[in-house]
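Chemist: FYI, in my numbering the residues of the sequence shown are 674 to 871.
Beta carbons: idealized from backbone N, C-alpha and C, even for Gly.
Owing to the predicted nature of the structure, the values given are computational and were not obtained by experimental measurement.
One structure, pasted below without further comment.
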Amino acid sequence: MNMDEMVAWLSRRWVIGAGFMAAAGLAALPILATLVSLPVLLIFLCSPTYMVHQVEEHHHDRFRRFVNDTLFAGRCAMTRRDVLIVNVPVVWGLNLGAAYAAYFLTPAAGMVAGYAMLVNAMGHLIAAARLHGYNPGLLSAALLFVPLGTAVVVTAGPLQSTSVAWHFAALGGALVVHIAIAASAFWRAGMSTGRMLG
674 MNMDEMVAWL SRRWVIGAGF MAAAGLAALP ILATLVSLPV LLIFLCSPTY
724 MVHQVEEHHH DRFRRFVNDT LFAGRCAMTR RDVLIVNVPV VWGLNLGAAY
774 AAYFLTPAAG MVAGYAMLVN AMGHLIAAAR LHGYNPGLLS AALLFVPLGT
824 AVVVTAGPLQ STSVAWHFAA LGGALVVHIA IAASAFWRAG MSTGRMLG
(Lines of atoms letter the chains of each structure in order from A and count residues from 1; the text may use other names and numbers.)
(Lines give C-alpha, C1' and ligand atoms only; values in the text may rest on other atoms or scores of the structure.)
Protein backbone atom coordinates (compact mmCIF):
# COMPACT_ATOMS: atom_id res chain seq x y z
CA MET A 1 0.00 0.00 0.00
CA ASN A 2 1.56 3.30 -1.09
CA MET A 3 1.05 6.65 0.62
CA ASP A 4 -1.88 7.74 -1.56
CA GLU A 5 -3.66 4.44 -0.97
CA MET A 6 -3.04 4.72 2.78
CA VAL A 7 -4.43 8.26 2.89
CA ALA A 8 -7.49 7.17 0.91
CA TRP A 9 -8.00 4.21 3.26
CA LEU A 10 -7.70 6.40 6.38
CA SER A 11 -9.89 9.13 4.91
CA ARG A 12 -12.76 6.67 4.62
CA ARG A 13 -12.39 5.35 8.18
CA TRP A 14 -11.01 7.95 10.58
CA VAL A 15 -14.40 9.46 11.48
CA ILE A 16 -15.84 6.17 12.72
CA GLY A 17 -12.56 5.62 14.57
CA ALA A 18 -13.02 9.02 16.24
CA GLY A 19 -16.42 7.94 17.48
CA PHE A 20 -15.07 4.79 19.12
CA MET A 21 -12.09 6.66 20.57
CA ALA A 22 -14.40 9.33 22.02
CA ALA A 23 -16.45 6.63 23.74
CA ALA A 24 -13.30 5.02 25.16
CA GLY A 25 -11.98 8.37 26.41
CA LEU A 26 -15.27 9.27 28.06
CA ALA A 27 -15.45 5.82 29.69
CA ALA A 28 -12.08 6.48 31.35
CA LEU A 29 -13.17 9.79 32.92
CA PRO A 30 -14.41 8.37 36.26
CA ILE A 31 -11.00 6.79 36.88
CA LEU A 32 -9.07 9.86 35.74
CA ALA A 33 -11.20 12.09 37.97
CA THR A 34 -9.71 10.35 41.01
CA LEU A 35 -6.13 10.74 39.76
CA VAL A 36 -5.75 14.26 38.36
CA SER A 37 -6.82 17.80 39.22
CA LEU A 38 -9.96 19.34 37.73
CA PRO A 39 -8.09 21.55 35.21
CA VAL A 40 -6.09 18.57 33.91
CA LEU A 41 -9.25 16.47 33.72
CA LEU A 42 -11.04 19.16 31.70
CA ILE A 43 -8.08 19.47 29.34
CA PHE A 44 -8.08 15.69 28.85
CA LEU A 45 -11.83 15.89 28.17
CA CYS A 46 -11.09 18.15 25.18
CA SER A 47 -9.89 15.11 23.18
CA PRO A 48 -13.04 12.95 23.32
CA THR A 49 -15.23 16.05 23.06
CA TYR A 50 -13.41 17.15 19.91
CA MET A 51 -13.88 13.63 18.51
CA VAL A 52 -17.64 13.87 19.11
CA HIS A 53 -17.55 17.17 17.23
CA GLN A 54 -15.60 15.57 14.39
CA VAL A 55 -18.25 12.87 14.00
CA GLU A 56 -20.97 15.51 13.63
CA GLU A 57 -18.80 17.63 11.39
CA HIS A 58 -17.28 15.05 9.04
CA HIS A 59 -19.79 12.18 8.85
CA HIS A 60 -20.33 11.44 5.14
CA ASP A 61 -17.66 14.05 4.29
CA ARG A 62 -20.16 16.81 5.13
CA PHE A 63 -17.77 19.53 6.21
CA ARG A 64 -15.44 19.29 3.22
CA ARG A 65 -18.39 19.42 0.84
CA PHE A 66 -19.89 22.35 2.77
CA VAL A 67 -16.61 24.29 2.58
CA ASN A 68 -16.08 23.62 -1.12
CA ASP A 69 -19.68 23.98 -2.31
CA THR A 70 -21.02 26.72 -0.02
CA LEU A 71 -18.09 28.77 1.25
CA PHE A 72 -15.97 28.57 -1.90
CA ALA A 73 -18.72 28.36 -4.55
CA GLY A 74 -17.73 24.96 -5.90
CA ARG A 75 -13.97 25.46 -5.90
CA CYS A 76 -11.72 22.81 -4.36
CA ALA A 77 -10.56 24.57 -1.19
CA MET A 78 -10.25 21.41 0.89
CA THR A 79 -9.35 17.85 -0.11
CA ARG A 80 -9.91 14.63 1.80
CA ARG A 81 -6.18 14.59 2.54
CA ASP A 82 -6.45 18.09 4.04
CA VAL A 83 -9.33 16.97 6.26
CA LEU A 84 -7.38 13.95 7.44
CA ILE A 85 -4.21 15.93 8.22
CA VAL A 86 -6.04 18.72 10.04
CA ASN A 87 -8.17 16.43 12.17
CA VAL A 88 -5.90 13.52 13.03
CA PRO A 89 -2.28 14.61 13.50
CA VAL A 90 -3.00 18.32 14.07
CA VAL A 91 -6.14 18.35 16.26
CA TRP A 92 -5.54 15.05 18.04
CA GLY A 93 -1.87 15.91 18.45
CA LEU A 94 -2.62 19.37 19.83
CA ASN A 95 -5.07 17.99 22.40
CA LEU A 96 -2.73 15.17 23.42
CA GLY A 97 0.17 17.59 23.77
CA ALA A 98 -1.99 19.95 25.82
CA ALA A 99 -2.96 17.14 28.20
CA TYR A 100 0.67 16.12 28.70
CA ALA A 101 1.76 19.74 29.19
CA ALA A 102 -1.03 20.31 31.71
CA TYR A 103 -0.11 17.21 33.69
CA PHE A 104 3.69 17.42 33.65
CA LEU A 105 4.20 21.22 33.61
CA THR A 106 1.23 23.28 34.73
CA PRO A 107 -2.47 23.29 33.79
CA ALA A 108 -1.99 26.71 32.19
CA ALA A 109 0.33 25.07 29.64
CA GLY A 110 -2.62 23.05 28.35
CA MET A 111 -5.01 25.95 27.85
CA VAL A 112 -4.41 25.88 24.09
CA ALA A 113 -6.90 22.98 23.92
CA GLY A 114 -9.62 25.17 25.45
CA TYR A 115 -8.81 28.18 23.31
CA ALA A 116 -8.78 25.99 20.17
CA MET A 117 -12.32 24.89 21.01
CA LEU A 118 -13.47 28.48 21.50
CA VAL A 119 -11.87 29.70 18.26
CA ASN A 120 -13.41 26.75 16.38
CA ALA A 121 -16.83 27.41 17.92
CA MET A 122 -16.60 31.07 16.96
CA GLY A 123 -16.02 30.07 13.33
CA HIS A 124 -19.08 27.82 13.32
CA LEU A 125 -21.27 30.45 15.00
CA ILE A 126 -20.15 33.24 12.64
CA ALA A 127 -20.82 31.00 9.62
CA ALA A 128 -24.28 30.14 10.96
CA ALA A 129 -25.09 33.83 11.49
CA ARG A 130 -23.85 34.88 8.06
CA LEU A 131 -25.53 32.03 6.18
CA HIS A 132 -28.66 31.95 8.36
CA GLY A 133 -28.50 28.20 8.82
CA TYR A 134 -26.79 25.08 10.04
CA ASN A 135 -23.23 24.15 9.13
CA PRO A 136 -21.65 20.75 9.87
CA GLY A 137 -20.34 20.77 13.44
CA LEU A 138 -22.43 23.72 14.65
CA LEU A 139 -24.41 21.88 17.33
CA SER A 140 -21.45 20.31 19.11
CA ALA A 141 -19.44 23.52 18.76
CA ALA A 142 -22.19 25.54 20.44
CA LEU A 143 -23.32 23.00 23.03
CA LEU A 144 -19.98 21.36 23.91
CA PHE A 145 -17.07 23.55 22.79
CA VAL A 146 -18.26 26.84 24.28
CA PRO A 147 -18.87 25.55 27.84
CA LEU A 148 -15.90 23.17 27.93
CA GLY A 149 -13.48 25.62 26.32
CA THR A 150 -14.57 28.31 28.78
CA ALA A 151 -14.22 25.92 31.72
CA VAL A 152 -10.69 24.98 30.63
CA VAL A 153 -9.59 28.60 30.30
CA VAL A 154 -11.15 29.63 33.63
CA THR A 155 -9.88 26.69 35.70
CA ALA A 156 -6.49 26.14 34.09
CA GLY A 157 -5.40 29.76 33.93
CA PRO A 158 -7.00 31.98 36.55
CA LEU A 159 -6.23 35.55 35.59
CA GLN A 160 -3.15 36.39 37.61
CA SER A 161 0.04 38.09 36.59
CA THR A 162 1.75 34.69 36.42
CA SER A 163 -0.78 33.24 33.95
CA VAL A 164 -1.30 36.15 31.53
CA ALA A 165 1.58 34.99 29.35
CA TRP A 166 0.10 31.49 29.22
CA HIS A 167 -3.22 32.96 28.06
CA PHE A 168 -1.56 34.92 25.26
CA ALA A 169 0.51 31.92 24.20
CA ALA A 170 -2.49 29.55 24.25
CA LEU A 171 -4.80 31.92 22.38
CA GLY A 172 -2.02 32.72 19.92
CA GLY A 173 -1.37 29.04 19.28
CA ALA A 174 -5.07 28.34 18.70
CA LEU A 175 -5.35 31.29 16.32
CA VAL A 176 -2.22 30.29 14.38
CA VAL A 177 -3.59 26.78 13.80
CA HIS A 178 -6.96 28.04 12.56
CA ILE A 179 -5.44 30.81 10.44
CA ALA A 180 -3.09 28.29 8.82
CA ILE A 181 -6.04 26.01 7.99
CA ALA A 182 -8.00 28.92 6.49
CA ALA A 183 -4.98 30.16 4.55
CA SER A 184 -4.44 26.70 3.10
CA ALA A 185 -8.08 26.57 1.98
CA PHE A 186 -7.86 30.00 0.31
CA TRP A 187 -4.59 29.06 -1.36
CA ARG A 188 -5.98 25.78 -2.69
CA ALA A 189 -9.17 27.50 -3.88
CA GLY A 190 -7.04 30.06 -5.70
CA MET A 191 -5.01 27.31 -7.34
CA SER A 192 -8.25 25.57 -8.29
CA THR A 193 -9.52 28.79 -9.91
CA GLY A 194 -6.22 29.22 -11.71
CA ARG A 195 -6.44 25.73 -13.16
CA MET A 196 -10.05 26.25 -14.23
CA LEU A 197 -9.22 29.56 -15.90
CA GLY A 198 -6.04 28.20 -17.45
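(1) Which one of Leu769, Gly806 and Ser865 has the shortest CA to CA distance from Met724?
(2) I want to know whether the stretch 718–738 touches the stretch 691–699 - three or more CB-CB distances under 8 Å.
(3) Restricting to Cα atoms, I'd like to know which of Gly698, Leu705 and Thr722 is closest to Asn793.
(4) Measure the beta-carbon distance from Leu791 to Val819 and round it to whole angstroms, keeping in mind my assumption that it falls under 8 Å.
(5) Comparing the C-beta of Tyr773 with each C-beta of chain B, is any distance below 8 Å?
(6) Buried or exposed for Met679, going by 16 or more other Cβ atoms inside 10 Å?
(7) Once DSSP output is grouped into helix, strand and coil, what is the label at Pro762?
(8) Out of Trp687, Val826 and Ala789, which one is the CA nearest neighbour of Val761?
(9) Using alpha carbons as the reference points, say which of Arg754, Thr743, His805 and Thr828 lies closest to Ala786.
(10) To the nearest angstrom, report how far apart Cys749 and Ile854 are at their CA atoms.
(11) Between the C-alpha atoms of Met676 and Thr752, what's the straight-line distance to the nearest angstrom?
(12) For my contact list, Pro809 and Pro712 are in at a C-beta cut-off of 8 Å; report their separation, rounded to the angstrom.
(13) So, with DSSP's three-state summary, where would you put Gly830?
(14) Straight-line CA distance for Ala789 to Arg803?
(15) Could you tell me the alpha carbon to alpha carbon distance between Arg861 and Ala775, rounded to whole angstroms?
(16) Among Val709, Asp755 and Leu816, which has the Cα closest to the Cα of Ser684?
(17) Could you tell me the boundaries of the alpha helix (DSSP H) in which Tyr723 lies?
(18) Please identify the residue among His732, Val709, Ala771 and Leu715 whose C-alpha is closest to the C-alpha of Ala843.
(19) Which residues bound the alpha helix (DSSP H) around Pro703?
Modeler: Here's the rundown:
(1) The residue labelled residue 724 in the question sits at position 51 within the sequence shown. Taking only the C-alpha atoms, the option nearest Met724 is Leu769.
(2) yes
(3) As a working note, residue 793 is residue 120 in the sequence shown. Nearest of Gly698, Leu705 and Thr722 to Asn793, Cα basis: Thr722.
(4) In the sequence shown, counting from the first residue as 1, residue 791 sits at position 118. In the sequence shown, counting from the first residue as 1, residue 819 sits at position 146. Confirmed, about 7 Å.
(5) Here chain B cannot be found, since the structure has a single protein chain.
(6) Counted from its first residue, the sequence shown places residue 679 at position 6. Classification for Met679: exposed.
(7) For the purposes of this step, residue 762 is identified with residue 89 of the sequence shown, where counting begins at 1. Reduced to three states, the DSSP call for Pro762 is helix.
(8) The count along the sequence shown starts at 1 and reaches residue 761 at position 88. Checked all of Trp687, Val826 and Ala789; the closest Cα to Val761 is Trp687.
(9) Walking along the sequence shown from the start, residue 786 turns up at place 113. Out of Arg754, Thr743, His805 and Thr828, Thr828 has the C-alpha closest to the C-alpha of Ala786.
(10) Along the sequence shown, one-based indexing puts residue 749 at 76. Along the sequence shown, one-based indexing puts residue 854 at 181. C-alpha separation (whole angstroms): 14 Å.
(11) Residue numbering aside, residue 676 sits at position 3 when the sequence shown is read from its first letter. Residue numbering aside, residue 752 sits at position 79 when the sequence shown is read from its first letter. Each residue's alpha carbon lies about 15 Å from the other.
(12) On the sequence shown, position 136 is the one that residue 809 refers to. On the sequence shown, position 39 is the one that residue 712 refers to. At roughly 30 Å, the Cβ-Cβ gap does not stay under 8 Å, so Pro809 and Pro712 are not in contact.
(13) Walking along the sequence shown from the start, residue 830 turns up at place 157. Coil, per DSSP.
(14) As a working mapping, residue 789 is identified with position 116 in the sequence shown. As a working mapping, residue 803 is identified with position 130 in the sequence shown. One C-alpha to the other measures close to 21 Å.
(15) For the purposes of this step, residue 861 is taken as the residue at position 188 of the sequence shown. For the purposes of this step, residue 775 is taken as the residue at position 102 of the sequence shown. In a straight line, the C-alpha of Arg861 is about 35 Å away from that of Ala775.
(16) Against the sequence shown, residue 684 aligns to sequence position 11. Nearest of Val709, Asp755 and Leu816 to Ser684, Cα basis: Asp755.
(17) As a position in the sequence shown, residue 723 is number 50, starting the count at 1. Per DSSP, Tyr723 belongs to the alpha helix (DSSP H) from Leu711 to His731.
(18) Position 170 of the sequence shown, counting from 1, holds the residue named residue 843. Per the Cα distances, Ala771.
(19) The residue given as residue 703 occupies position 30 in the sequence shown. Run containing Pro703: Leu702 to Leu705, per the alpha helix (DSSP H) assignment.
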